[in-house]
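Student: First the structure, then my questions, so here it is.
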Amino acid sequence: MRYLLPLFLLGFFSALFGLTPKDALKELVDGNNRYILDKTLYADHSTSRRSQLLLGQKPFAIVLCCSDSRVIPEVIFDQSTGDLYVVRIAGNVLGAVELESIEFCAKTFGANLIFVLGHESCGAIRAVMNDDAKEIEHIATLMDPAIKEAKSWEAAVKDNVYFVVNQIKNDPRLKKFYDQKKLACSGGFYKIGTGKVELLK
């Protein structure tokens, strides 16, 4: 029960005023810690929650992640329906469509954080590194510049996250949000075996 009041207040103040980017990142980190410890008390996917969301949405974070079935941001970060705006594509690469989705959420719904999430055992990364990416040729084209110097699959995943974060941070259409300190971009590496998201600075 000790978690209920702070989490209720978080949702209340977020709806009214929005979180700072720092607050938004902390909420993802705290939610991931709950997930790791099997203390997931926050997530609300109930009928009443769905009814509330009919009136609109105000996600506090945008998560760009891989389409991998083992990588589910709402679960990994212990968040309720409507809290995260998730953009999913194999290899969590950034193309024109993904960038438009991110910009749409930032401008329309006022999300405070963009989080790029790479993960352990990424099949898209392995395919590109093994030169076996016939099924994902366009994704491979987007990923190649990021991972060409990587010496291992884990290094490639992290290099890809850094590359995409840098792309997003330098997007001129989001510049005013960064300048006003209303939006930040960060990244992480998800370890499927442990459930831990390692923050990548």
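Using numbering that gives the first Met the number 0, you'd call the opening residue of the sequence shown number 0 and step up by one each time.
Every residue, glycine too, gets a C-beta built ideally from N, C-alpha and C.
1. Taking the C-alpha atoms as reference points, what is the distance between N91 and L54?
2. Express the C-alpha separation of E73 and A183 in angstroms, rounding to a whole number.
3. Ends of the beta strand (DSSP E) at G186?
4. Round the Cβ separation of V62 and L93 to the nearest angstrom and send it over; I've been treating them as touching at under 8 Å.
5. For G109, which of S79, S120, F59 has the nearest alpha-carbon?
6. Do you know offhand how far E168's Cα is from S185's?
7. What residues in its chain sit with their C-beta under 8 Å from that of I35, if we drop five residues either side in the sequence?
8. In angstroms, rounded to a whole number, what distance separates the CA positions of L24 and A123?
9. Under 8 Å between the Cβ atoms of V115 and V163?
10. Identify the residues that DSSP records as bridge partners of H118: which are they?
11. When the distance is taken between beta carbons, is A126 closer than 8 Å to I135?
12. Roughly how many angstroms separate the alpha carbons of A149 and S68, rounded to a whole number?
13. Is DSSP giving Y201 helix, strand or coil here?
14. Run through DSSP, which three-state label would C104 get?
15. Just to check my reading of the structure: R33 and T80 have Cβ atoms closer than 8 Å, yes? What is that Cβ distance to the nearest angstrom?
16. Are the beta-carbon atoms of C104 and A89 separated by less than 8 Å?
17. Leaving out five residues on either side along the sequence, give the residues of the same chain with a beta carbon under 7 Å from the beta carbon of Q56.
18. So what's V196 in DSSP terms, helix, strand or just coil?
19. Within the stretch 25-78, note down every full beta strand (DSSP E) run reaching 3 residues or more, in order along the chain.
Tutor: By the coordinates alone:
1. 30 Å
2. 20 Å
3. 183-189
4. About 13 Å; that fails the 8 Å criterion.
5. F59
6. A small correction: the amino acid at residue 168 is Lys; Glu does not occupy that position in the sequence shown. Using only the alpha carbons, I get a separation of about 9 Å.
7. T193, G194, K195
8. 26 Å
9. yes
10. Y189
11. yes
12. 25 Å
13. The requested residue 201 does not occur in the structure, where the chain is confined to residues 0 to 200.
14. helix
15. Actually they are not in contact, since the Cβ atoms of R33 and T80 sit about 17 Å apart, beyond 8 Å.
16. no
17. G81, F108
18. strand
19. 60-64
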